[in-house]
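The block underneath contains the structure these notes are about, expressed in structure tokens.
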Amino acid sequence: MDLRKAIATQPMRRFQILAVLTCLIIAMVDGYDIVVMAFVAPYVAKVWSIGPVEIGTLLSGGVLGSAAGALLISPLADRIGRRAHVILCLALLVAGLAASTCAQTFNQLLIARVFSGVWMGAIVSSLNVVASEFSSDRRRGVAMGLYGVGLPLGAALGGALTTVLIDQWGWRGPFGCATLVSLLVLALAVVELPESIEYLIEKRPRDALRAYNRIARKLGLAASEILPPSEQEASRSTVFTIVFQGIMLWRTALLWLGFSALMAAFYFTNSWTVKLIAQVSGDPAMGVRAGALVSAGGVLASLIFALLSLKIQPRLVTALILGSGALFFVLFAKFMGSLGLALAFAVGVGVAANGGVVAFYAISPKIYAAAARATGVGWMIGIGRGVAALAPLFTGYMLNLGWKPAELYQLFAGAMLVSGLCVLALDLTYRRAAAEAVAPGQ
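The sequence shown maps to residues 744 to 1185 in our numbering.
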């Protein structure tokens, strides 16, 4: 039996749900890693007496590393398999987080953050693909929305723990905690993370049939004597054709531009909100609280996306989240001086920024055929994070030039709007293709 058809058409089984939950837990590490530097930034700045430009460099370092990892390391998953790829990257991430914990100088911490970012950035595309492939067609939007909870939930829990960890062990405490948690998650991945069925069929690695039948048994289905036929051999030229030929060039451009604009706003929000609110209020703890609320908004956004996707096409839900995000950014900027209102609107900012990322992760895997899925999604993430790496650094320079925090949030509201328009245009390409497919038979 073709497991792909069984998974797509039948109700989700316990094994499939466990696969999605495993991806969710691994994604929590990504969420924690994204915000940990932002939460410790006020304390690092105080201990080492460094200014906004240096802090911006540290914040951008991890993002730049993740962009490089997504661009250069993610395609490796199409060659060695999603499972091996995730396990390898998690092991090296643990080493990078341990190095961050032990850093004694600015340069050492910067190098450690870049190194950690490389491996975290490389993981994400494989997680997206595995979570999507093990979800049924009917419940994919819900499953991907719930998987998307991992990133903001990891960030929210990290924010909640940061103050306690810093009080006990200084700014190194959050990095030490991340190291231990990542080690536990690595063990979980070794035990529970399944291999991509599409990879087994398309690439046919050694013992592919045995791995395929192992998954079949866990799904409660009969074993097969041979693998289903491969739909497409993924040569290098095939991958480029899938990603860039014909209408896919336009779709890829819209996807990458929209994701890049979103990620610029996302990394600005998650990197600088803690520091800027701490600056406006004069209280570092207030900044941490605002950052935690932004992350909590992301958890809420994932649930909203999952529920709305039951009734509305996920691309339209994505555009709705991004459009509302532009409004929340403007309102947050307007009421930054009133901390009560600012904290309330911080939840809305989190819903938009974090929820937008969740939504892109949900809609992107099905845009590309299986033979180039990890590569296409990985390049999207790499391009987006590469552009976004400039956002924290840009913010540091703008603050040095005299820009006010509210003006920066207004600027990134525009980025959210651009992202939403790109998703609407992307959805339009599918509607036109569907209309053209129906027209000849009319």
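For glycine and all other residues, C-beta sits at the position ideal for the given N, C-alpha and C.
Handout entry: Alpha-carbon to alpha-carbon, G1125 and A813
Key = Looking at the two C-alpha atoms, the distance is approximately 4 Å.
Practice task
Starting from the Cα of R822, find the closest Cα among M887, G864, E938, F858 and give me that residue.
Solution key: Measuring from the Cα of R822, the nearest candidate turns out to be E938.
Handout entry: Every unbroken alpha helix (DSSP H) inside the segment 1015–1097 [4 residues or more]
Key = For the segment 1015–1097, whole alpha helix (DSSP H) runs of length 4 or above, ordered along the chain, are 1027–1051, 1057–1077.
Exercise for the section: With a 10 Å radius around its C-beta and 16 neighbouring C-beta atoms as the bar for buried, classify S978 as buried or exposed. Expected result: Note that S978 scores a pLDDT of 49, beneath 50, so its modelled location is shaky and nothing firm can be said.
Problem - Closest Cα partner of A932 within the set L767, R747, I1110 - result: For A932, the closest C-alpha among the options L767, R747, I1110 is that of L767.
Problem - Proximal residues to V1094 (C-beta, below 8 Å), its chain only, five neighbours per side dropped - result: Cβ-Cβ distances below 8 Å link V1094 to G1040, G1041, L1043, A1044, I1047, I1064, S1067, G1068, F1071 in the same chain, with the five nearest sequence neighbours on each side left out; the list follows chain order.
Problem - Neighbour-count burial assignment, A1028, 16 or more Cβ in a 10 Å radius - result: It is exposed - the Cβ of A1028 has fewer than 16 other Cβ atoms within 10 Å.
Practice task
Use the C-beta contact count for I1110: other C-beta atoms within 10 angstroms, 16 or more gives buried, fewer gives exposed.
Solution key: Taking all protein chains in view, the Cβ of I1110 is crowded by 16 or more other Cβ atoms within 10 Å, so the residue is classified as buried.
Handout entry: R949 (DSSP reduced to helix, strand or coil)
Key = It is coil, neither helix nor strand.
Exercise for the section: Taking only runs that begin and end inside the segment 786–822, name each unbroken alpha helix (DSSP H) of 4 or more residues, in chain order. Expected result: Within the segment 786–822, the runs of alpha helix (DSSP H) at least 4 residues long that lie entirely inside it are, in chain order, 795–811.
Exercise for the section: Would you give the residue range spanned by the alpha helix (DSSP H) that V928 belongs to? Expected result: Its alpha helix (DSSP H) spans residues 915–935.
Handout entry: Which of helix, strand or coil DSSP assigns to K1147
Key = The answer is coil: DSSP assigns K1147 none of H, G, I, E or B.
Problem - From H828, A749, M1141, R1058, residue whose alpha carbon lies closest to that of R1174 - result: Among H828, A749, M1141, R1058, the Cα nearest to that of R1174 is on R1058.
Handout entry: Under the three-state DSSP convention, the category M755 falls into
Key = Note: M755 maps to coil in three-state DSSP.
Handout entry: Distance CB(A842)-CB(F858) smaller than 8 Å
Key = It is a contact, given that the beta carbons lie within the stated cut-off.
Exercise for the section: Tell whether a beta-carbon distance below 8 Å holds between I830 and L923. Expected result: At least 8 Å separates the beta-carbon of I830 from that of L923.
Exercise for the section: Would you kindly report the start and end of the unbroken alpha helix (DSSP H) that includes D910? Expected result: Where D910 is concerned, the enclosing alpha helix (DSSP H) starts and stops at 893–912.
Practice task
Drop a sphere of 10 angstroms on the beta-carbon of A1035, count the other beta-carbons inside from all chains shown, and report buried for 16 or more, exposed for fewer.
Solution key: With 16 or more Cβ atoms within 10 Å of its Cβ, A1035 is classed as buried.
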